[in-house]
Amino acid sequence: MWELIQANRRKSIFIFFGMGLLLLLIGYVFGSFYNPESGGYIGLFFAIILWTVLSTISYFAGSKIILGISGAKEVTKEIHPQLFNVVEEMRIAANLPNQPKIYIISDAAPNAFATGIKPEKSAIAVTAGLLGQLNRDELQGVVAHEMSHILNRDVLLMTFAGMMLGAITLMADIFTRSLWFGGSGSRYKSRSSNKGGGQGQIIILVLAVVLAILGPIMAQLLYFAISRKREYLADASAVRLTRYPEGLASALEKISASHLDLKTANKVTAPMYIINPLKKKGMQIADITSTHPPITERIRILRAISQGVDYSNYQAAFNQIKGTRSPVIPISGLSDKSNLSVRKPESSVGLNDETLNTKREVGDLMMKLNEYKFINCTCGLKLKIPPQFNNDKITCPRCGRIHTVSL
Amino acid sequence: MQVENYPDLKANQNFLALQEELTSTENKISFARQAYNDQVLFYNNKIQMFPSNIIAGMFSFKEEEFFEVEDKTEKEVPKVSFN
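Pasting the structure below:
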């Protein structure tokens with residue numbers, strides 16, 4: 035497990051510099067397109083500024099922004115004790131020093147994500163729908179998957195890769211727009227006709243256009259490839275943490291079977307979720323333009339694990355299902371042959387077994403998150419009071435008892 | 636305001652909450668044991684593997700033992716009864 039963290043750190047650094055170089059190259063070429071003498075350096079300077087600003091913002095405020103966009107609310111243990119317990123169990127299994135903060139998204143579609151650059155500042159967010167549909171073992175699988183993202187420093191890797199992608203796309207966008215509406219185009223024409231030395235200029239133009247088109251695509255494909263691999267790796271780590279592949283497998287099955295859409299998810303936050311919230315059904319093949327591996331494949335790999343739960347077992351199952359030998363686990367991780375066996379399922383505890391109740395539970399949970407107050411009247415009626423209600427007394431509509439609304 | 640005519644069975648809820656806490660406590664113990672053994676495994680692997688084995692040999696690091704419960708009765712889950 036610790037080998038993987040190290041491997042991932044190295045990869046983060048590699049991506050940081052690799053995509054940084056691409057960004058600088060784009061900046062230089064675009065700059066020298068506008069002004070062949072010194073524009074290259076201005077472009078370079080602009081690229082560096084953009085990169086620094088984006089990285090700084092994402093480093094210090096990234097997780098707050100993402101939690102804010104997705105409408106997640108931090109909760110206390112009273113709201114969902116089981117979720118808190120499961121997160122703490124996985125925190126112990128992963129041997130992390132701090133408990134991640136726990137957020138619930140008030141949405142009926144089942145999904146989850148983890149965020150936080152450092153394990154000390156991490157957070158796990160799950161939707162109310164997820165809590166309603168999964169039993170304890172399945173919830174544990176999902177939380178373990180998210181905890182693995184935190185443990186393996188995937189968030190750091192994906193944040194930097196995402197910001198780099200954003201910067202490259204932004205620069206290419208500015209460039210192509212300025213070509214369309216362009217003062218710069220005419221400048222280029224007049225200059226080339228004055229000097230007659232258009233040869234170099236044309237090369238720069240072609241190079242700039244090619245970079246403007248290919249740069250974002252290349253960066254995006256690279257980003258997607260990393261993202262897919264991270265998902266497999268997090269599945270493998272989740273199995274190792276829980277010692278129980280079936281929990282995650284059936285959780286993934288339930289999440290993918292849901293027809294509900296997660297309203298707050300968008301293109302930026304989609305790669306973070308355990309299952310891509312934007313892609314619906316029918317994705318069977320491993321698409322190079324998707325951030326997540328096909329869900330059926332992930333489930334089949336998890337179900338193919340039979341003897342043990344260490345990384346070499348996951349890799350074996352992966353090879354068996356995919357029919358390839360492409361490594362999903364870094365080689366350093368495969369030395370971990372610990373002959374850990376799969377544990378038995380737990381007797382499903384908790385309120386989540388009776389499917390009849392789940393809809394009402396999800397609704398109640400979402401109301402609790404939105405600061406509704408609950409009063410149980412002695413006549414058996416349950417009063418759900420919205421936060422806008424500003425009277426301090428309320429009459430039970432059935433028996434006429436008067437209750438005090440505590441503010 | 637919304638009202639609902641499904642009274643919560645308080646006793647049942649309390650029992651489920653207790654059951655959840657018992658399960659979780661049990662899990663926390665076993666996951667702590669698992670995490671310790673994972674660390675030991677990692678350490679022992681490092682001692683055996685190149686290049687860290689050179690340093691380990693120079694300072695004569697010893698392999699650690701895994702945590703195991705020998706007494707079978709200690710592994711058993713305590714019975715909870717309400718009589």
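If you read the protein sequences in the order shown, they are chains A and B. Going by our numbering, the letters in the first sequence line up with residues 35 to 441, in that order. Going by our numbering, the letters in the second sequence line up with residues 636 to 718, in that order. Built from N, CA and C at the ideal position, the CB exists for glycine as well.
Inset, instruction - On a CA-only basis, which of Phe650/B, Thr660/B, Leu651/B is nearest Pro713/B? Give me that one, please. - result: As a working mapping, residue 713/B is identified with position 78 in the second sequence. If we check each option's Cα against that of Pro713/B, Thr660/B comes out closest.
Inset, instruction - Could you check how far apart the C-beta atoms of Ala285/A and Val176/A are, in whole angstroms? I think they sit under 8 Å. - result: Against the first sequence, residue 285/A aligns to sequence position 251. Against the first sequence, residue 176/A aligns to sequence position 142. That belief holds up - the Cβ atoms of Ala285/A and Val176/A are roughly 5 Å apart, short of 8 Å.
Legend entry - Helix, strand or coil at Thr325/A [DSSP, three-state]: Working through the first sequence from its first residue, we reach residue 325/A at position 291. Thr325/A sits in coil when the DSSP states are folded into three classes, being neither helix nor strand.
Inset, instruction - Examine chain A for any beta-carbon lying closer than 7 Å to the beta-carbon of Val638/B, and answer yes or no. - result: In the second sequence, residue 638/B corresponds to position 3, counting from 1. Residue-level contact by beta carbon holds for Val638/B and chain A, with a gap shorter than 7 Å.
Inset, instruction - Run down chain B in chain order and give the residues with a C-beta less than 8 Å from the C-beta of Leu123/A. - result: As a first step, residue 123/A is located in the first sequence; it is residue number 89 there, counting from the start. For the record, residue 123/A in the displayed sequence is Glu; it is not Leu. Neighbours of Glu123/A on chain B, chain order: Ser659, Asn662, Lys663, Phe666.
Inset, instruction - List the endpoints of the continuous beta strand (DSSP E) containing Asn453/A. - result: Here chain A comprises residues numbered 35 to 441, so residue 453/A is not present and cannot be evaluated.
Inset, instruction - Can you check DSSP and say which residues form a bridge with Val160/A? - result: Start at 1 with the first residue of the first sequence, and residue 160/A comes out as number 126. Residue pairing of Val160/A in beta bridges, as defined by DSSP: Ile138/A, Ala146/A.
Inset, instruction - Give the residues from the segment 406-424 of chain A that approach chain B closer than 8 Å (Cβ to any Cβ), ordered along the chain. - result: From the segment 406-424 of chain A, only Asn410, Gly414, Leu415, Lys416, Leu417, Lys418, Ile419, Pro420, Phe423 have a Cβ closer than 8 Å to chain B.
Legend entry - DSSP bridge partner residues for Thr429/A (one or two, in chain order): The residue labelled residue 429/A in the question sits at position 395 within the first sequence. Paired residues: Ile436/A.
Legend entry - Through-space distance from Thr325/A to Asn310/A, alpha-carbon basis: On the first sequence, position 276 is the one that residue 310/A refers to. On the first sequence, position 291 is the one that residue 325/A refers to. Looking at the backbone, the Cα of Asn310/A and that of Thr325/A are separated by about 7 Å.
Inset, instruction - Starting from Leu190/A, follow the beta strand (DSSP E) in both directions and report where the run begins and ends. - result: Taking the first residue of the first sequence as position 1, residue 190/A is located at position 156. Where Leu190/A is concerned, there is no enclosing beta strand (DSSP E), although the alpha helix (DSSP H) it sits in stretches over 188-214.
Legend entry - Any non-hydrogen atom of the ligand GTP closer than 6 Å to Lys416/A Cβ: Among the components modelled here there is no ligand, and therefore nothing to report on the ligand GTP.
Inset, instruction - Kindly say whether Glu698/B, judged by its beta-carbon, lies nearer than 7 Å to any beta-carbon of chain A. - result: Here residue 698/B refers to the residue found at position 63 of the second sequence. Chain A, which has no Cβ nearer than 7 Å to the Cβ of Glu698/B, makes this no.
Legend entry - Spatial distance of Ile49/A from Ala148/A (CA atoms): Looking up residue 49/A in the first sequence gives position 15. Looking up residue 148/A in the first sequence gives position 114. As the crow flies, the alpha-carbon of Ile49/A is around 21 Å from that of Ala148/A.
Inset, instruction - Find out if the Cβ-Cβ distance for the pair Glu699/B, Ile682/B is shorter than 7 Å. - result: Position 64 of the second sequence holds residue 699/B. Position 47 of the second sequence holds residue 682/B. No, Cβ-Cβ distance for Glu699/B and Ile682/B is not below 7 Å.
Inset, instruction - Compute the distance between the beta-carbons of Leu117/A and Ala178/A, then report whether it is under 7 Å. - result: Working through the first sequence from its first residue, we reach residue 117/A at position 83. Working through the first sequence from its first residue, we reach residue 178/A at position 144. Result no, Cβ atoms of Leu117/A and Ala178/A do not sit closer than 7 Å.
Inset, instruction - Step through the CB atoms of chain B and report whether any lies within less than 7 Å of the CB of Ala299/A. - result: Locating residue 299/A in the first sequence gives position 265, where the first residue counts as 1. Taking Cβ atoms only, chain B never reaches closer than 7 Å to Ala299/A, which makes this a no.
Legend entry - CB contact flag (Glu122/A, Gly281/A, <7 Å): For the purposes of this step, residue 122/A is taken as residue 88 along the first sequence, with counting starting at 1. For the purposes of this step, residue 281/A is taken as residue 247 along the first sequence, with counting starting at 1. The answer is no: Cβ separation not under 7 Å.
Inset, instruction - Leaving aside the five residues before and after Arg262/A along the sequence, list all residues of the same chain whose C-beta is less than 6 Å from its C-beta, in chain order. - result: Along the first sequence, one-based indexing puts residue 262/A at 228. Setting aside the 5 residues that flank it on each side, Arg262/A is surrounded in the same chain by Pro327, each with a C-beta closer than 6 Å to its C-beta; the list follows chain order.
Legend entry - Helix, strand or coil at Lys315/A according to DSSP, with G and I counted as helix: Here residue 315/A is taken as the residue at index 281 of the first sequence, counted from 1. A caution first: Lys315/A carries a pLDDT of 48, below 50, which makes its placement in the model unreliable, though a value can still be read off. DSSP, read as helix, strand or coil, puts Lys315/A in coil.
Legend entry - Exposure of Asn386/A, with buried meaning 16 or more beta-carbon neighbours within 10 Å: Sequence index remark: in the first sequence, residue 386/A carries index 352 (1-based). Residue placement at Asn386/A is flagged as unreliable, the pLDDT there being 44, under the threshold of 50; the coordinate-derived value follows with that caveat. Buried is the call here.
Inset, instruction - With a threshold of 16 other CB atoms inside 10 Å of the CB of Gln40/A, please say whether the residue is buried or exposed. - result: Residue numbering aside, residue 40/A sits at position 6 when the first sequence is read from its first letter. Counting the other CB atoms within 10 Å of its CB gives Gln40/A a total below 16, which places it among the exposed residues.
Inset, instruction - Whole angstroms is fine: what's the gap from Ala351/A's alpha carbon to Glu287/A's? - result: Taking the first residue of the first sequence as 1, we reach residue 351/A at position 317. Taking the first residue of the first sequence as 1, we reach residue 287/A at position 253. Annotation: Ala351/A to Glu287/A spans about 18 Å, alpha carbon to alpha carbon.
Inset, instruction - With a threshold of 16 other CB atoms inside 10 Å of the CB of Ser46/A, please say whether the residue is buried or exposed. - result: As a working mapping, residue 46/A is identified with position 12 in the first sequence. Answer is buried; the Cβ neighbour count reaches 16.
Legend entry - Within 7 Å, strictly: CB atoms of Ala283/A and Leu245/A: Residue mapping note: residue 283/A aligns to position 249 of the first sequence, counting from 1. Residue mapping note: residue 245/A aligns to position 211 of the first sequence, counting from 1. No. Outside cutoff.
Inset, instruction - Can you tell me which of the three DSSP states Ala299/A falls into? - result: The residue labelled residue 299/A in the question sits at position 265 within the first sequence. In the structure shown, Ala299/A sits in coil (DSSP, three-state: anything other than H, G, I, E or B).
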